[in-house]
Structure formats: C-alpha cells, structure tokens
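Accompanying notes for the structure given below.
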Amino acid sequence: MKVGRVAGTVISTINIPLLDEHRLLLCDVEDVDGRPSGYTIAVDVVDAGVGDTVLILDEGSSARQILGLDHGAIRAVVVGIVDELVVDGEIRPLT
Amino acid sequence: MQLGRVLGSVVATEKVSGLEGIRFLIVQPLDRGSRPDGETLVAADAVSMAGPGELVYFVASREAAEALPERFVPVDHAIVGIVDAVHLDAVHLEEE
C-alpha cells in the first residue's frame, strides 16, 4: 500500500460498467517525507475527501476482494483515511 | 489508473486468438495536470467508444485484460473510461 493525498476527483460518464457505482479520486502519491511521487486514480470505498491523507492499495486481487468481485479491471483503491503518520519516532505533519 | 490522451489507432489483422474485435488505440500517458508524461503506449479500448483527441483513463498490468470480454488475453493496458472532467483542489480541467 502507499500513502497519498486526495487531490481531486475524476468525473466520467462513459466507462466500464464496474466503475458506474464508484467514485474515482485522483490521489498524489507521497514518499515517506511527504514529497510527491506520481499520482494514481483510485476507487473510493471510505468516503475520503479532497485534502485527506489516505492509504492507497494498488494490487488487483486485493482490490477485487474489497469490492466483493471475482473479476474486474480494478487495481487502485483508497482503503483508509490516515489520522497520524509517525516516521523515525516523530509525528509527520499531514500535508 | 492513469490519465491519457488518445493519439490514434492501431489496426492489426493478424493477431493471437482472443484479441479479435478489440480496438487498439495509441495513448499518451499524462500527468495529473494533463501534460504528457512518459512514452506513448498501445491500449485496448474496453469502452469501445474512445477516439483520437479524447482524455481517457486506463488501467495497466494484469487488470487490463480483466476489462475485456475475454479475460485471459495478452493485453497490458486498457482504456476503462472517458473523462468528462477532472476536478483538482485548485484547478478544474474540463473537457470541452
């Protein structure tokens, strides 16, 4: 899993049926020091909002397990909202 | 999933079985601000509706084949949606 920050949402009308029922979040992925390290578009299952620091799962079979699917083109899922990050014994401020 | 811009299409008559009827599009991956980012790639069009110039999002790796009717096929990128709008916290990147 990766830590990231929700930067925005992606709106789409035409998509594969599986994605009809899910909100898509554009998340900036962060490294351990909070520096940006790319982005990913992830399905939201925890009602995260813009600005939240989140936990992003990026693996297909776990993603399908969370959504209760046997099959489906899904990989990145926002699976948690981070309350606190401790790095080297110190609380890292959430950006 | 990542954002991409469709640049064109690929036509191939001779293909491995399982890929018949699938459209292949040339896609330029984009960064979150819709600027080109990385090498272009060929992606299967799982929505069957994407066309040149469109802003799309695609899934990579094993999950790409999951987007297609025949799931056990050699495909590593698939377009799974056409973007209407991206709302970032400070900017709004709307498609026409």
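Keeping their order, the protein sequence lines are chains A and B.
The first sequence begins at 94 in our numbering and counts up by one.
The second sequence begins at 344 in our numbering and counts up by one.
Glycine included, C-beta positions come from ideal geometry on N, C-alpha and C.
Contact list for residue i against chain B, beta-carbon separation under 8 Å
i	result
residue 153(A)	404, 405, 406, 409
residue 134(A)	344, 345, 346, 400
residue 179(A)	Ordered by position in chain B, no residue passes the 8 Å Cβ test against residue 179(A), which lies about 26 Å from the chain.
residue 121(A)	375
Through-space distance from residue j to residue i, alpha-carbon basis
i	j	result
residue 185(A)	residue 128(A)	12 Å
residue 365(B)	residue 182(A)	52 Å
residue 415(B)	residue 175(A)	36 Å
residue 289(B)	residue 163(A)	Lying outside 344 to 439, the shown extent of chain B, residue 289(B) is not represented and no answer is given.
residue 119(A)	residue 359(B)	35 Å
residue 115(A)	residue 140(A)	10 Å
residue 357(B)	residue 400(B)	27 Å
residue 369(B)	residue 158(A)	31 Å
residue 155(A)	residue 138(A)	13 Å
residue 355(B)	residue 136(A)	33 Å
residue 371(B)	residue 350(B)	7 Å
residue 361(B)	residue 413(B)	6 Å
residue 402(B)	residue 177(A)	30 Å
Those residues which DSSP pairs with residue i across a bridge
i	result
residue 403(B)	420(B)
residue 101(A)	119(A), 431(B)
residue 370(B)	349(B), 384(B)
Within-8 Å CB hit, residue i to chain A
i	result
residue 369(B)	no
residue 414(B)	yes
residue 390(B)	yes
residue 364(B)	no
residue 375(B)	yes
Residues near residue i in its chain [Cβ-Cβ closer than 7 Å; skip 5 each side]
i	result
residue 130(A)	122, 123, 124
Contact set between residue i and chain A, taken where Cβ atoms lie within less than 9 Å
i	result
residue 427(B)	103, 104, 105, 106, 107
Spatial neighbours of residue i in its chain, beta-carbon cut-off 8 Å, leaving aside the 5 residues before and after
i	result
residue 105(A)	112, 117
residue 144(A)	98, 99
residue 439(B)	Caution applies to residue 439(B), whose pLDDT of 44 falls short of 50 and renders its modelled position unreliable; the value that the coordinates give is listed next. Once the five neighbours on either side are set aside, residue 439(B) has no close Cβ partner at all.
Proximity test, Cβ basis, 8 Å: residue i and chain B
i	result
residue 118(A)	no
Close-in-space but distant-in-sequence residues of the same chain around residue i (CB under 6 Å, 5 per side omitted)
i	result
residue 153(A)	168
Proximal chain A residues relative to residue i, where beta-carbon distance stays under 8 Å
i	result
residue 432(B)	100, 101, 143, 144
Proximal residues of chain B, C-beta to C-beta of residue i below 7 Å
i	result
residue 148(A)	Within 7 Å Cβ-Cβ: nothing; residue 148(A) doesn't reach chain B, min ~17 Å.
Chain-ordered chain A contacts of residue i [CB-CB under 7 Å]
i	result
residue 423(B)	108, 109, 112, 166
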